[in-house]
Amino acid sequence: MTGTGLWMPAVDIYETKDAVCVRAELPGVDKNAVSVGVKDGVLRLQGERKFDKEVKEEDYHRIERSYGMFHRSFTLPSSVDPEKIIARMKDGVLEIDLPKKEQAKPRQIKISA
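According to our numbering, the stretch in the sequence shown is residues 2 to 114, in order.
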């Protein structure tokens, strides 16, 4: 009867005209226990939800919540600017906004003599 070990938070990913947005459900996880990083075009989320030590495990009747380490990875589209990623924790949800790169705007080229 244990809910400890590796677990996988639920994640939604959607796209707007300006950004790709990731939302991960992390209720009960302290923001200082979460790490967000980008390497080689891959967004990595990892962290830990700690088990409540105030109650002994043998005193539980049921343990349904998951505890322990989690890790999620997502390949980023080439349109995302990895230098401008913003992450925040709000109401138990990790919100990551991945702004898109500025698109090359069409321009008229003057022909010189």
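Don't be surprised by glycine CBs; every beta carbon is placed ideally from N, CA and C.
Check whether residue i and residue j have beta carbons under 9 Å apart
i: Gly-48; j: Leu-27; result: yes
i: Val-43; j: Ser-74; result: yes
i: Lys-51; j: Ala-34; result: yes
i: Gly-93; j: Val-37; result: no
i: Met-90; j: Trp-8; result: no
Residues near residue i by beta carbon distance below 6 Å, same chain, minus five either side
i: Ile-87; result: Asp-98
i: Arg-58; result: The residue asked about is misnamed: residue 58 is Glu in this sequence, not Arg. Closer than 6 Å at Cβ, skipping near neighbours: no residue.
i: Asp-13; result: Arg-24
i: Arg-45; result: Gly-38, Ser-74
i: Pro-83; result: Val-39
Residues that DSSP places opposite residue i in a beta bridge
i: Leu-99; result: Val-21
i: Lys-91; result: Val-94
i: Ile-112; result: DSSP output for Ile-112 lists no bridge partner at all.
i: Ile-14; result: Val-23
Buried or exposed (CB count within 10 angstroms, at least 16 for buried), residue i
i: Glu-78; result: Contrary to the premise, residue 78 reads as Pro rather than Glu in this sequence. Pro-78 comes out exposed.
i: Ala-114; result: exposed
i: Ala-11; result: exposed
i: Lys-106; result: Caution is warranted here: a pLDDT of 45 is assigned to Lys-106, below 50, making its placement in the model unreliable, and the coordinate value is therefore given only provisionally. Exposed, since its Cβ has fewer than 16 Cβ neighbours within 10 Å.
7 Å Cβ shell around residue i - same chain, five flanking residues per side excluded
i: Tyr-15; result: Cys-22
i: Thr-76; result: Gly-42, Val-43
i: Ala-20; result: Asp-98, Leu-99, Pro-100, Lys-101
Cβ-based neighbour list, residue i, same chain, cut-off 8 Å, excluding 5 preceding and 5 following
i: Met-2; result: Residue placement at Met-2 is flagged as unreliable, the pLDDT there being 42, under the threshold of 50; the coordinate-derived value follows with that caveat. Cβ within range, chain order: Glu-58, Tyr-61, Arg-63, Ile-64.
Worksheet item: Of all the beta strand (DSSP E) runs that stay within the bounds of the stretch 19 to 84, which reach a length of 3 or more residues?
Response: 20 to 26, 35 to 40, 43 to 50, 69 to 76
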